[in-house]
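J.: Provided herewith is a single structure, encoded as structure tokens, for subsequent inquiry.
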Amino acid sequence: MADIGILRAAIAPVRRLWRRPTAVDVAPKAGDDQDARAHFRDGLAKRRGGNSAGALTAFERALALDSDFADAVMARAEILDGMGRSEEAHGEYERARRLWSEMPPGAADRRYIFRRQGYFAFEAESYDLVRTNVRSKILPQLAHGNACLARGRAAEALDSYERALKVNAKLPEVLALKGEALSALGRYQEAIEIFDGVLATHPKDGDTLNARGIARAALGRLAEANEDWRRQFDLLPQTSSAARACVAMRMANYSAAFNEFGLALAKEPGNPYWLLYRLTAARLAGAPAESVTLPADDHWPTLLLAFRTGQATEEALLNRANSPTRHAEARFQMGVLAVDGNPAAARRYWREVVDQGPPALIEFAAASNELARLGA
Amino acid sequence: MFSVILYGRNDSHGYNLHKRAAISFNALAEVMSDPDDEILFVDYNTPDDHPTFPEAIHDTLTDKAKQVMRVLRVRPDQHVRHRLKTHLVALEAQSRNVALRRSNPRNRWILYTNTDMLLVPRNEKESLSDILGAIPDGFYQVPRFEIPEMLWEAAFDRRDPVGNLAKLRDWSVRFHLNQVVHNYMPMKYDALGDFQAALRDDMFAIHGFDEDMILGWHCDSNLAARLALYRGRVDTLVDKLFGYHCDHTRVAAANNKGRATRMNDQDRFIWNVATPYVPGQAETWGWPDVEIEEIRLDRETPYQRYSAGLDKAIEPATMPFVETSLEWQLFDDLTYDLPHTLPFVCDQVVTFPRSTNLMLVATRPDFVSSFAKAWKGMGFTGALLIPQECEGLPPDLPGVERAPFAEQLASAELFIFEFGLATQTATEPVRAGRQMGPIDKKRLKVAERLFKRAAATEAETRPEGRRVPRRFIGVNVIYNKFWHTFTNYVGANINPFCSQVLAGLPREDESLKGKVLKFRGRHAL
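Those protein sequences? They're chains F and P, same order as listed.
Okay, so the first sequence: first residue is 1 according to the working numbering, each after it adds one.
Okay, so the second sequence: first residue is 1001 according to the working numbering, each after it adds one.
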């Protein structure tokens, strides 16, 4: 074990260079995602051209390929409404809103673009139109880039941010977003250099500290990452309990995470991730278990909670872990379950999280810190 | 559930503002059903001697509108630091932020709109509270539909919101009113500022409206740009409600000069916005450290305060009428009817902040004691400053502070100068040819000297931090020898003789005569 451990520790930084460099997890492509977007784009163009019937057909084609494509659901609803089919439209409006609201919100400690819920296909197309007509301005490029980045299209986002920077090369907000896009593309060192520049002039920029921490952690520079997160934590006001909780969880400061997630739950009692992380922090901090009532739904976070509380099996969990993010979240919880009785197994699970999971995940950082603590 | 935030002032913005606003306030209240719902109206920079706009139109508001409305009054002295930077007399960003800071923290939503909008739920059984209570977190807008001016002016009953909403449902179909005007993102629709629903938490997170926007226009687009970045999407509620605007272009509003209109820079505040936040105002937006008066229309109204004050000071009349005269031979007669005059004096002060310190220079002891009772009865907590130089006045009146005039001048925020006869009794006839006695002359001379000095040095003797001039109220200064004295120094309107009261701000007269007057006043010559 000792030899293997030394070897692993020696090659760990290099291994990360060989990792699949996904930092932003995207919904699994059904193979038709791009086609659905193409039909959606076609529908928007037809709608703008006054061809409501053609637009309706195009949106329906998009939905045939991806029935949960909320932007297309909403666009179809507006067309139906305008055609006088308002009864039919009503259900579609509600469905679109529900689909958007059911999308997992991002970690509360991250920059605003990662905390939003949506497909942002409408926004990407709309701002593409705007930037074609409102030239040499920052907002259309920025908003287009944000829409792309939020949906995992980091290369397009980077291009948009670079166009915004051509208008004003020194804007720290846009530079930071460029760094986020680079990080999402796995170009962590470049991202860090950008973040260094932003923080040199704006040392209290908590969002950029968080982002640099993620990039540093992705490169195995865990101590530096923790230092960034520690500074971010100190800068966050007491009222930002959710953000503070998420940062604490990354740093494996479970007692702080436990307390802050408690405060966050008081404000958002329906947030399943806050409950999950609070229970997880309690377990890892050695606090007594709380009894919980699970939400009555079959959403992914509820399954994680069920597993956390012993009400779901590993198999059931892994059967639904159909993305790198879900896989990492599942493996992390398996490690938490295993750590007391079988630290080696926990180590394996957490190694998987670090080797294959998106570095932006809270679980990635927490697993990294757990591995360091266990001496893996 | 939600706080509606509006702003305005007691002036004539656009055409028939009073009717439009009453229609709108009543209609907004009508679609509220949650006990925490509120209408926050920021009355911005109405002159101190005017009531706020909602107070001025209170009789055209429904009981429900009066119950849900909180009026936040921003005084001219609180606006004056912006006066040199803008041509506008009412600032949107500052107003909306003042309200946001003081909005009900139990409310999830903030709804920004304007004082001429009607919001019509498409499902008649749903209130706006129901609608906002059911939707997910987000940032929502609706398209604005215009109502031709003659429709709202000729056919709406401002006190019948239920009827007005029903009429709109009918007209929208008969007259094809519902036309959605799309716009580029992030605006999404034209005239977006007439319905922007944002989470209260989001508004606090992004530091409110950008208070650098002081030239008018595009505050709504800037908000949309920033919230669109923050939230990612600009969602619609067009399936839930329609928004109608009482069109008002017969007469251009003060901020509408057609192509010559000055406005906030669109590039800076829309197209080059790079962040949702305004960190430069993170601690100061909405003036958290400034005391903003709150006025309610359903309790402690100005009328209730006014009548409570007078009831403390005067008894009801026992005769059907009293008499006076302004025949020319009576010019030197300085008698006046105190119970008749006091209501007009109180009328001049009741709109001022309750904490106002008022300097009272008077000669009639009974005027001083009556006014002091009325002042306290009207709920004023500020001091009545009576200079020691004014002799023969009642001692130990509650709320009165006596000190040398020069020491009190810099504390006074409002002035009353009363020029009566110290020896007038309550029962003697008024304006019947009475002459001044030696005591009267002596007291009046003091009053006149103090008045001239106060008026001539007003700009230099203001309380610390005050930048707007102080108002002077003259009592018994119409059609007698003090008429010219008072109006030489104070720019007062022509008032009816029987009110006995003139009021205004110190005159700024750069002519030779003006300079001489000022010199003489300053040195009490």
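No residue lacks a Cβ here, since even glycine has one placed at the ideal position from N, Cα and C.
1. Return yes when the Cβ of L1360 (chain P) is within less than 7 Å of the Cβ of I1416 (chain P), no when it is not.
2. Quick check: A330 (chain F) and A338 (chain F), are their CB atoms within less than 7 Å of each other?
3. Any beta-carbon of chain F closer than 7 Å to the one on P1143 (chain P)?
4. How long is the line joining the alpha carbons of T280 (chain F) and H1082 (chain P), rounded to whole angstroms?
5. Please specify which runs of the beta strand (DSSP E), each continuous and at least 3 residues long, are wholly inside the stretch 1241–1286 of chain P, giving them in chain order.
6. Examine the Cβ distances between the stretch 1300–1313 of chain P and the stretch 1262–1274 of chain P and report whether three or more of them are shorter than 8 Å.
7. Is the beta carbon of S1325 (chain P) within less than 6 Å of some heavy atom of the ligand GTP?
8. If we define contact as Cβ-Cβ less than 7 Å, is P1279 (chain P) a contact residue for chain F?
9. Give me, in chain order, the residues of the same chain whose beta-carbon lies closer than 7 Å to that of M1001 (chain P); leave out the 5 immediate sequence neighbours on both sides.
10. Report the residue from P:W1152, P:E1291 and P:V1349 whose alpha carbon sits nearest the alpha carbon of S1307 (chain P).
11. Can you round the beta-carbon distance between I113 (chain F) and N146 (chain F) to whole angstroms, since I take them to be within the 8 Å contact cut?
12. Between A53 (chain F) and G43 (chain F), how many whole angstroms is the CB-CB distance? I'm expecting something under 8 Å.
13. Please list, in chain order, the chain P residues whose beta carbon lies closer than 8 Å to that of Y188 (chain F).
14. Given that A1225 (chain P) touches chain F, what residues does it touch there, using C-beta distances under 9 Å?
15. If you draw a straight line from the alpha carbon of D1509 (chain P) to that of N1493 (chain P), how long is it in whole angstroms?
16. Go ahead and label V353 (chain F) buried or exposed: buried means 16 or more other beta carbons lie within 10 angstroms of its beta carbon, across all protein chains shown.
17. Excluding five sequence neighbours on each side, which residues of the same chain lie with their C-beta closer than 6 Å to the C-beta of A30 (chain F)?
18. With DSSP as the reference, label S1003 (chain P) as helix, strand or coil.
19. Cα-Cα, which of P:Y1140, P:P1288 and P:G1243 is closest to T1115 (chain P)?
20. Going along chain P, which residues have a C-beta under 7 Å from H90 (chain F)?
21. So is W1217 (chain P) in contact with chain F if we call contact Cβ pairs under 7 Å?
22. Look at the alpha carbon of A223 (chain F) and the alpha carbon of E162 (chain F), and state the distance between them as a whole number of angstroms.
23. Per the contact definition of three or more C-beta pairs closer than 8 Å, is the stretch 1276–1286 of chain P in contact with the stretch 1204–1216 of chain P?
24. If contact means a Cβ-Cβ distance below 8 Å, which residues of the stretch 107–126 of chain F contact chain P?
25. Closer than 7 Å, CB to CB, is E161 (chain F) near chain P or not?
26. With a cut-off of 8 Å on the beta carbons, I'd call L1342 (chain P) and A1374 (chain P) a contact; round off their distance for me.
27. Quick one: which chain F residues come within Cβ less than 8 Å of A1232 (chain P)?
28. Taking the alpha carbon of G1491 (chain P) as the point to measure from, which residue in P:K1188, P:P1469 and P:T1052 has its own alpha carbon closest?
29. Provide the residue span of the beta strand (DSSP E) that contains W1556 (chain P), from first to last.
30. Just to confirm my understanding: we take I138 (chain F), look at its own chain, exclude 5 residues before and 5 after, and list those with CB closer than 6 Å. What are they?
31. Within 8 Å, do at least three Cβ pairs link the stretch 1176–1195 of chain P to the stretch 1223–1239 of chain P?
32. Given a limit of 8 Å on CB to CB distance, which residues of the stretch 1265–1289 of chain P reach chain F?
33. For the alpha helix (DSSP H) holding M74 (chain F), just list the boundary residues, first then last.
34. Quick check on DSSP: helix, strand or coil for H1182 (chain P)?
35. Are any of the Cβ atoms in chain P nearer than 7 Å to that of R153 (chain F)?
36. Which residues, taken in chain order from the stretch 257–291 of chain F, show a beta carbon closer than 7 Å to some beta carbon of chain P?
T.: On the basis of the data shown:
1. yes
2. no
3. no
4. 53 Å
5. 1241–1246
6. no
7. The model on display carries no ligand, and the ligand GTP is accordingly not part of it.
8. no
9. D1034, D1036, D1037, N1107, R1108, W1109, S1129, L1132 and G1133
10. P:V1349
11. 5 Å
12. 11 Å between Cβ atoms; not a contact.
13. Within chain P, no residue comes near Y188 (chain F); the closest Cβ sits about 24 Å away, beyond 8 Å.
14. L139 and A143
15. 16 Å
16. buried
17. Because A30 (chain F) sits at a pLDDT of 48, beneath the cut-off of 50, its placement in the model cannot be relied upon, and the following sentence gives the value as read from the coordinates. For A30 (chain F), where only same-chain residues beyond five positions count, there are no Cβ hits under 6 Å.
18. strand
19. P:G1243
20. D1239
21. no
22. 31 Å
23. yes
24. Y112, I113, R116, Q117, G118, F120, F122, E123 and S126
25. Per the sequence shown, the amino acid found at residue 161 (chain F) is Tyr instead of Glu. Chain P, which has no Cβ nearer than 7 Å to the Cβ of Y161 (chain F), makes this no.
26. 6 Å
27. The sequence shown places Gly at residue 1232 (chain P), not Ala. Ordered by position in chain F, the residues that pass the 8 Å Cβ test against G1232 (chain P) are I113, R116, Q117, G118, F120, E123, N146, A147 and A150.
28. P:P1469
29. No information on residue 1556 (chain P) is available, as it lies outside the stretch 1001 to 1525 that chain P covers here.
30. A164 and V167
31. yes
32. D1267, I1270, W1271, N1272, V1273, A1274, T1275 and P1276
33. A70 to G82
34. strand
35. no
36. none
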